[in-house]
Amino acid sequence: MATFDYNGKQVYYEIYGEGKPIVLLNGIMMSTKSWGIFVDALSKDNKLILLDFLDQGQSDRLESNYTHDIQVEVLKQLIIELGYDKVSIAGISYGAEIALNFSVKYGHMVERLVVFNASCKTSAWLKDIGEAWNLSADQPLNYYLTAIPVIYSPAFYNNNYDFMKNRQKLLTSTVFSDKGFMDAMIRLTKSSESYNLEEQLKQVRTRTLIVSSENDMLTPKEEQYRLHQLLENSELILIPGAGHASMYEKPALFVTLVLGFINAESLDMSIL
């Protein structure tokens, strides 16, 4: 548990374990605390590095709107701060798109990349979904009902409805009622509006695993198919039945995919 300075703002991170470094990047509503159930497995044979982006978790808040670029620079500063020339990066949703952006700009600093539930750009459709979130930001229950159910697959949500109702009570009475948190969520959501790497990704050569979910209602599987077309050195996996929050619906598979791809001695095995 530590912080570093980025342009006068304190950025929070955590480190666990020893071995090949993996930087694990949060989704938009997440913080380092969100990865609690994964820490032991991911740090058993690796150095696991968790990061709160600016406007997330225990990192400082910003005061005005920004783009993904600032989070890319925060990630670069973290890697430099820790003394690495190269790291492997895994991320989901917002964090996966920061990782893709980072690979465009600083590909020489990325060993391997695992991206879950991401796209190459923010479509008009997704932008309007984000606008609906922001318009509900001053009404905790409305925000929950607008933003949370669609994160999960219908099967997971329906089969775990008691859990989801408890989450509703918790979130609406805590962070979704916290003006500082919600103002940060609005800025984070707006930071994705201009995201578009469709042309730049064609130049990326980083070995990449793209993970898609069959029932992702925010970044549908067609978005990951497009990523696979654009990224020359990529592989694509589809998780049947899962929704956007694939790491929570399929946690063991999430760990297996991250560690299997990043720790594989060779990604070029062949029977020939």
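Okay, so the sequence shown: first residue is 66 according to this note's numbering, each after it adds one.
Where is the CB? At the ideal position from N, CA and C, for every residue including glycine.
Since the model is a prediction, treat every value here as computed from it, not as a measurement.
Beta-bridge partners of Lys230 (DSSP): none assigned.
Taking each of Leu235, Ser277, Asn328 in turn and checking the Cα distance to Asn111, the smallest one comes out for Asn328. When beta bridges are read from the DSSP output, Gly156 appears opposite Leu90, Val180. Taking all protein chains shown into account, Gly92 has 16 or more neighbouring C-beta atoms within 10 Å of its C-beta and is therefore buried. Between Leu143 and Arg252, the C-beta spacing is not below 8 Å.
In the DSSP annotation of this structure, the continuous segment of the beta strand (DSSP E) that includes Gln75 starts and ends at 74-81. For Leu266, the three-state secondary structure derived from DSSP is helix.
Between Asn261 and Lys186, the beta carbon gap of about 4 Å places them in contact (Cβ cut-off 8 Å). Nearest in C-alpha terms to Glu264, of all of Ser257, Ile336, Arg291, is Arg291. Under DSSP, Glu300 forms a beta bridge with Leu274. Residue state for Thr211 is assigned as helix, using DSSP reduced to three classes.
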